[in-house]
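Numbering-wise (this note's numbering), the sequence shown opens with residue 24 and increments by one.
Beneath this line is the structure, given in structure tokens, with notes to follow.
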Amino acid sequence: MLFSKNPTSRFLLLTLTFVLLLSFSININASDPTNSEDDSDDLEQLLALDEQEDQLPEDQDQESSSRFSEAEVLSKAQRIVLELNSDNSKRVIDENEFVLLLGYAPWCVRSAELMPQFAEAATSLKELGSPVLMAKLDAERYPKVASLLDIKGFPTLLLFVNGTSLAYTGGFSAEEIVIWARKKTGVPVIRINTVTEAEDFLKKHHMFVIGLFEKFEGSDYKAFIKAAMSDNEIQFAEASNIEVAKLLYPDIKATNFLGIVKSEPERYTAYDGTFEMENILQFLDYNKFALVTRLTELNSVKVYSSPVKLQVYVFAKADDFKTLLEPLQDVARKFITKVMFIYIDIVDENLAKPFLTLFGLEESKNTLVTAFDNKGSSKYLLQSDPTPSNIEEFCSGLLHGSISTYFKSQPIPDNNNASVLAVVGKTFDDLVLNSPKNVLLEVYTPWCINCETTSKQVEKLAKHFKGLNSLIFAKIDASANEHPKLQVDDYPSLFLYKAGDKDNPIKLSTKSGSKELAAFINKQVRPKDQAAKDEL
Numbered sequence: 024m025l026f027s028k029n030p031t032s033r034f035l036l037l038t039l040t041f042v043l044l045l046s047f048s049i050n051i052n053a054s055d056p057t058n059s060e061d062d063s064d065d066l067e068q069l070l071a072l073d074e075q076e077d078q079l080p081e082d083q084d085q086e087s088s089s090r091f092s093e094a095e096v097l098s099k100a101q102r103i104v105l106e107l108n109s110d111n112s113k114r115v116i117d118e119n120e121f122v123l124l125l126g127y128a129p130w131c132v133r134s135a136e137l138m139p140q141f142a143e144a145a146t147s148l149k150e151l152g153s154p155v156l157m158a159k160l161d162a163e164r165y166p167k168v169a170s171l172l173d174i175k176g177f178p179t180l181l182l183f184v185n186g187t188s189l190a191y192t193g194g195f196s197a198e199e200i201v202i203w204a205r206k207k208t209g210v211p212v213i214r215i216n217t218v219t220e221a222e223d224f225l226k227k228h229h230m231f232v233i234g235l236f237e238k239f240e241g242s243d244y245k246a247f248i249k250a251a252m253s254d255n256e257i258q259f260a261e262a263s264n265i266e267v268a269k270l271l272y273p274d275i276k277a278t279n280f281l282g283i284v285k286s287e288p289e290r291y292t293a294y295d296g297t298f299e300m301e302n303i304l305q306f307l308d309y310n311k312f313a314l315v316t317r318l319t320e321l322n323s324v325k326v327y328s329s330p331v332k333l334q335v336y337v338f339a340k341a342d343d344f345k346t347l348l349e350p351l352q353d354v355a356r357k358f359i360t361k362v363m364f365i366y367i368d369i370v371d372e373n374l375a376k377p378f379l380t381l382f383g384l385e386e387s388k389n390t391l392v393t394a395f396d397n398k399g400s401s402k403y404l405l406q407s408d409p410t411p412s413n414i415e416e417f418c419s420g421l422l423h424g425s426i427s428t429y430f431k432s433q434p435i436p437d438n439n440n441a442s443v444l445a446v447v448g449k450t451f452d453d454l455v456l457n458s459p460k461n462v463l464l465e466v467y468t469p470w471c472i473n474c475e476t477t478s479k480q481v482e483k484l485a486k487h488f489k490g491l492n493s494l495i496f497a498k499i500d501a502s503a504n505e506h507p508k509l510q511v512d513d514y515p516s517l518f519l520y521k522a523g524d525k526d527n528p529i530k531l532s533t534k535s536g537s538k539e540l541a542a543f544i545n546k547q548v549r550p551k552d553q554a555a556k557d558e559l
């Protein structure tokens with residue numbers, strides 16, 4: 024993942040938190056003369072320090088625990104994460120079978136968000152007795168090491184297995200990092216044998232897959248294990264005792280059962296297909312999300328890659344969404360596996376604004392409902408009030424193809440006395456395609472460097488051809504207006520829409536001078552028996 028190197032003011036607090044978290048870590052810098060002799064014992068010293076804390080006298084431990092702050096918990100977690108540098112990175116990776124490395128930059132907001140999750144995962148993996156060594160590298164401070172380890176963006180997670188790197192493909196919460204790391208290091212499934220183990224498992228996992236098998240063998244079981252190994256996000260559990268399994272999934276009635284459990288109203292979903300790895304993975308892809316998923320920086324990639332390509336986005340303030348959530352879940356329940364429902368806090372500019380800009384609604388503050396069909400890259404807007412019934416009708420229309428694709432448009436402008444008409448999305452048909460006249464259209468954007476020069480040329484040409492009633496000069500801001508028959512990738516662009524052949528506009532070179540453009544326009548739009556007037 025590649026991000027800008029300039030932190031935004033919105034995330035200043037997160038960045039400061041990140042710096043504080045880093046200060047808790049033990050930075051093992053072998054280039055420092057005071058540390059060079061002890062470099063070979065870095066990891067052992069860290070682990071010994073944790074063991075000393077664990078062996079405090081009981082009365083002292085009880086007194087300390089009453090004052091144990093969140094910062095102290097994070098401090099202990101950070102000490103488990105080994106800080107790599109230019110001197111120790113190669114040795115650490117070469118001498119450990121499994122190393123899960125976080126490449127970060129101090130200014131990176133997503134690094135700041137991921138660091139505490141990574142530290143918490145490190146603590147959990149240690150408690151589970153995992154062989155994975157958790158490490159981190161300040162890639163900005165040690166760019167050569169980062170380059171050698173193939174860290175190209177921030178944050179980057181890599182798993183080194185006997186020195187060979189494996190790209191991280193899991194989620195970004197502490198629980199998801201633990202699940203992924205254990206799956207990739209030999210523990211794809213947790214076996215549940217007793218009621219106590221089932222109760223303990225439920226406390227630790229908010230989403231999981233449970234498989235019940237009379238014996239842990241056979242083709243169905245093998246497909247289950249293959250699916251567990253291939254999946255990168257969800258914890259798989261297995262049981263052979265139906266009473267134990269019912270603690271995890273109460274509605275189990277027979278063995279050779281598979282179901283997914285989530286911590287939300289639609290908690291239990293049973294699998295009813297054949298036990299084949301591909302089918303099981305497809306079932307999970309379609310059922311792993313909540314009825315309404317809140318989009319965050321950390322889960323965005325997972326949401327966008329969902330096989331449910333028809334996605335409805337609800338933009339609302341947090342307080343307004345609390346009222347809408349339950350009825351929206353009822354609507355979502357009717358479209359499971361067909362429509363994905365996503366919530367974005369409309370106040371969160373970093374998440375909401377890029378989407379709203381696609382609709383020309385980036386200044387909106389009230390609740391909005393939009394949709395995207397990621398198969399065809401089409402977008403839609405609910406143009407009535409966002410009530411549950413209207414949202415349900417909107418979704419039904421999306422499925423049946425009766426909702427028109429949305430094209431953004433600025434308000435219709437006043438073109439009185441304008442030599443160059445301002446065209447918007449709503450007027451493109453009337454002023455360009457349906458006009459009985461020839462239309463020379465300039466397509467520009469406000470951020471285009473060369474557009475100003477072209478605009479001046481068009482103004483000059485409009486004055487020159489002012490007496491020619493069969494020709495109209497027009498312009499459209501492509502950043503704020505869209506039309507299905509206006510597909511432009513480079514700006515500025517000039518098109519001549521000839522009367523009687525509007526489906527085949529002629530593209531003019533924006534590098535031509537005014538005289539060349541005037542001559543070309545004369546040739547295309549003036550009657551043949553009329554003398555060309557090509558001097559400006």
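Quick reminder that beta carbons are idealized off the backbone N, C-alpha and C, glycines included.
Please read all numbers here as calculations on a predicted model, not as lab measurements.
Outcome for residue i when other beta-carbon atoms lying within 10 angstroms are tallied against a minimum of 16
i, result
"residue 389", "exposed"
"residue 425", "exposed"
"residue 330", "exposed"
"residue 435", "exposed"
"residue 190", "exposed"
"residue 423", "exposed"
"residue 153", "buried"
"residue 261", "buried"
"residue 360", "exposed"
"residue 391", "buried"
"residue 544", "buried"
"residue 393", "buried"
"residue 370", "exposed"
"residue 272", "buried"
"residue 341", "exposed"
"residue 431", "buried"
"residue 166", "exposed"
"residue 377", "exposed"
"residue 82", "With a pLDDT of only 46 at residue 82, under 50, the local geometry of the prediction cannot be trusted, and the value read off the model is given with reservation. Looking at its Cβ environment, which holds fewer than 16 other Cβ atoms inside 10 Å, residue 82 is exposed."
"residue 325", "buried"
"residue 218", "exposed"
Boundaries of the alpha helix (DSSP H) in which residue i is found, first to last residue
i, result
"residue 358", "Careful: residue 358 lies outside any alpha helix (DSSP H) and carries neither H nor E."
"residue 547", "537-548"
"residue 275", "Note, residue 275: premise wrong, no alpha helix (DSSP H); not H, not E."
"residue 155", "Run containing residue 155: none in the alpha helix (DSSP H); it sits in the beta strand (DSSP E), 155-161."
"residue 412", "411-423"
"residue 140", "132-150"
"residue 167", "166-171"
Residue i - partner residues in DSSP beta bridges
i, result
"residue 529", "519"
"residue 363", "334"
"residue 183", "122, 188"
"residue 392", "337"
"residue 261", "214, 234"
"residue 107", "160"
"residue 403", "394"
"residue 524", "521"
"residue 127", "161"
Range covered by the beta strand (DSSP E) that runs through residue i
i, result
"residue 371", "Element bounds for residue 371: n/a, residue is neither H nor E."
Short CB-CB distance (under 8 Å) between residue i and chain B
i, result
"residue 324", "Judged by its chain identifiers, the structure shown contains no chain B, having just a single protein chain."
Inset, instruction - Count the C-beta pairs between the region 449-468 and the region 496-504 that are closer than 8 Å, then say yes if the count reaches three, no if not. - result: yes
Inset, instruction - Inspect the CB distances between the region 309-322 and the region 339-356 and report whether three or more fall short of 8 Å. - result: yes
Inset, instruction - Taking 8 Å as the threshold, find out whether the region 137-145 comes into contact with the region 194-210 through three or more Cβ pairs. - result: yes
Inset, instruction - Taking 8 Å as the threshold, find out whether the region 158-168 comes into contact with the region 214-231 through three or more Cβ pairs. - result: no
Legend entry - contact_flag[the region 293-300, the region 235-250] where n(CB pairs < 8 Å) is 3 or more: yes
Legend entry - Secondary structure, alpha helix (DSSP H): runs of 4+ residues fully inside the region 438-522: 474-487
Inset, instruction - Give, in chain order, every unbroken run of the alpha helix (DSSP H) that is at least 4 residues long and sits entirely within the region 187-254. - result: 197-207, 218-227, 242-253
Legend entry - Sequence ranges, alpha helix (DSSP H) only - wholly within the region 279-335, length at least 4: 300-310, 323-327
Inset, instruction - Determine, using beta-carbon pairs with one atom in the region 318-326 and one in the region 264-271, whether at least three such pairs fall under 8 Å. - result: no
Legend entry - Three-pair Cβ contact test at 8 Å for the region 233-240 versus the region 167-187: no
Legend entry - Three CB pairs or more closer than 8 Å across the region 371-384 and the region 393-409: yes
Legend entry - Stretch-stretch touch, CB-based, cutoff 8 Å, three pairs: the region 500-516 with the region 448-455: yes
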